[in-house]
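Engineer: Here it is: the structure, laid out below.
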Ligand code: 5GP
Ligand code: ZN
């Protein structure tokens, strides 16, 4: 029997963000990739970069997309250097590594002098006023 009616939307939250079915604070966007502020930042400016097309893991990323994803990660790093020249770039891969959203994403997490000991245990939610300020600071320039 053929399926009828609308195809169910993907339950993936980052697909929803990429397709603008869910809100986010977009730092950068192009045809293949999106960068947006993390909703529970580990530091001020914490940004996520995704390929718009859903893949769970970096090993699932089609090679034709390698360049576009890396270019966006690098563009975000370049902009992040307005906030701090020091930052971590990371990918959590699998639950044991702390992955909680199973749509490939790169974290770019700026580091500040008051954080030398590590990341905070408690993550504060991103508040709209701060997000709007950050979007100006991390804009195309
Ligand atoms: P993971 O642990 O999977 O590498 O990281 C997932 C990241 O996505 C976390 O830092 C978390 O705060 C962030 N996150 C989870 N859900 C949302 C959301 O709906 N919007 C945004 N902007 N970030 C999210
Ligand atoms: Zn997805």
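Numbering (this note's numbering), first residue to last: 627 to 767. For every residue, glycine included, the Cβ atom is placed at its ideal position computed from N, Cα and C.
I believe residue 676 touches residue 733 by the beta-carbon criterion, under 8 Å. Please report the beta-carbon distance rounded to the nearest angstrom.
Structural biologist: In fact, because the Cβ distance is near 11 Å, the residues do not count as touching under 8 Å.
Engineer: Checking 8 Å against the spacing of the C-beta atoms, do residue 802 and residue 727 come in under that value?
Structural biologist: Within the shown structure, residues of the chain are numbered from 627 to 767, placing residue 802 beyond reach of any answer.
Engineer: Three-state secondary structure (DSSP) at residue 757?
Structural biologist: If DSSP states are grouped into helix, strand and coil, residue 757 belongs with the helices.
Engineer: In whole angstroms, what is the alpha-carbon distance linking residue 646 and residue 740?
Structural biologist: Their Cα atoms are separated by approximately 35 Å.
Engineer: Using a C-beta cutoff of 8 Å, does residue 638 count as contacting chain D?
Structural biologist: Looking at the structure shown, chain D is missing, and only one protein chain is on hand.
Engineer: Give me the pocket residues for the ligand ZN, defined as CB within less than 5 Å of any heavy atom, sorted by chain position.
Structural biologist: Chain-ordered list of matching residues: 638, 640, 641, 680, 729.
Engineer: Who are the Cβ neighbours of residue 761 in its own chain at under 7 Å, not counting the five residues just before and after it?
Structural biologist: 651, 653.
Engineer: Under 8 Å between the Cβ atoms of residue 671 and residue 736?
Structural biologist: Taking 8 Å as the Cβ cut-off, residue 671 and residue 736 qualify as a contacting pair.
Engineer: Is the CB-CB distance between residue 642 and residue 648 below 8 Å?
Structural biologist: For residue 642 and residue 648, yes; Cβs fall inside 8 Å.
Engineer: Taking only three categories from DSSP, how would you classify residue 762?
Structural biologist: Three-state result, residue 762: helix.
Engineer: Is any heavy atom in the ligand 5GP found nearer than 7 Å to the beta carbon of residue 725?
Structural biologist: Yes - the ligand 5GP has a heavy atom lying nearer than 7 Å to the Cβ of residue 725.
Engineer: Check residue 654 in the structure and name its three-state DSSP category.
Structural biologist: Note: residue 654 maps to strand in three-state DSSP.
Engineer: Do the CB positions of residue 594 and residue 668 come within less than 8 Å of each other?
Structural biologist: Residue 594 lies beyond the residue range present for the chain, which begins at 627 and ends at 767; the question has no answer from this structure.
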